[in-house]
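The opening position of the sequence shown corresponds to residue 2 in our numbering, with each subsequent residue numbered one higher.
Every residue, glycine too, gets a C-beta built ideally from N, C-alpha and C.
Values in this document were obtained by computation on a predicted structure and should not be read as measured data.
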Amino acid sequence: MENNHSKKHRVWYLSDGNPTQEERIKEYDNFCSTYEKVLGEEGWQSPYVCAETIGSYITGNRDKVEILDLGVGTGLVGKRLHELGFRTFDGIDPSQGMLTLAKQKRIYRNLYCQLFTSEPTNIKEGSYDAICISGAFGKGDIPEDSVYEMIRLGKSGCLICFVGRTVAFELLLPLLETLEKNKQLKKEEITETQKYRKNVPALIIVYRIIKD
Numbered sequence: 002m003e004n005n006h007s008k009k010h011r012v013w014y015l016s017d018g019n020p021t022q023e024e025r026i027k028e029y030d031n032f033c034s035t036y037e038k039v040l041g042e043e044g045w046q047s048p049y050v051c052a053e054t055i056g057s058y059i060t061g062n063r064d065k066v067e068i069l070d071l072g073v074g075t076g077l078v079g080k081r082l083h084e085l086g087f088r089t090f091d092g093i094d095p096s097q098g099m100l101t102l103a104k105q106k107r108i109y110r111n112l113y114c115q116l117f118t119s120e121p122t123n124i125k126e127g128s129y130d131a132i133c134i135s136g137a138f139g140k141g142d143i144p145e146d147s148v149y150e151m152i153r154l155g156k157s158g159c160l161i162c163f164v165g166r167t168v169a170f171e172l173l174l175p176l177l178e179t180l181e182k183n184k185q186l187k188k189e190e191i192t193e194t195q196k197y198r199k200n201v202p203a204l205i206i207v208y209r210i211i212k213d
């Protein structure tokens, strides 16, 4: 049985430690069975904030909307999106243990066990109306240049919603500004939130993909 000290150390290790990619995936595989419980104890609201932000932009025909959930974990974002009336989700995560639990929620159309980077996936171009990333961006997780693959996968007008610690977006924000200048993205909002995790500065970032 994992004690509170071990749980807090695991959260710190994944957020602020410096594991290799292989070590990180192994840790998530080991963490998956208690992941949702620990998130609740730590006051982690990021998945719900992310889902509700998507819901604030997409108010109609939610059952027709196709959403890609990056760093899907155990599927908490998808669960909340489903409660909000959305019905079609795909998810990507490098941890098979996490994906096994996400699959048990029976709401995901496709779940892909892989890292998400700037390298093209096997998913068809222009597949999604919204792409969401909750707490899975930055050091050791989804890299900044993966935005180029997000743009490829999104339809024209597709929302990209990031929710995460402010520090995780230091390199991303200048790239988003450049892509906006290049008329590939349009900024909808960059908002500070106190609802990410206890006493952790965080941002909600929403951009819209522009395609001719």
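Closest by C-alpha distance to Arg81, out of Ile211, Gln97, Glu43 and Lys106, is Lys106. Beta-carbon to beta-carbon, Gly136 and Val164 are separated by about 7 Å, close enough to satisfy the 8 Å threshold. The segment 153–173 and the segment 198–213 touch, with no fewer than 3 CB-CB distances between them shorter than 8 Å. Leu186 has its alpha-carbon roughly 24 Å from the corresponding atom of Tyr49. Linking Leu77 to Gln46 through their CA atoms gives a straight-line distance of about 10 Å. Fewer than three pairs of CB atoms, one per stretch, sit closer than 8 Å, so the segment 123–135 makes no contact with the segment 166–175.
Contact annotation: the segment 24–33 does not touch the segment 56–66, with fewer than three C-beta pairs closer than 8 Å. If you look at Phe32, you'll find it in the alpha helix (DSSP H) that goes Gln22 to Phe32.
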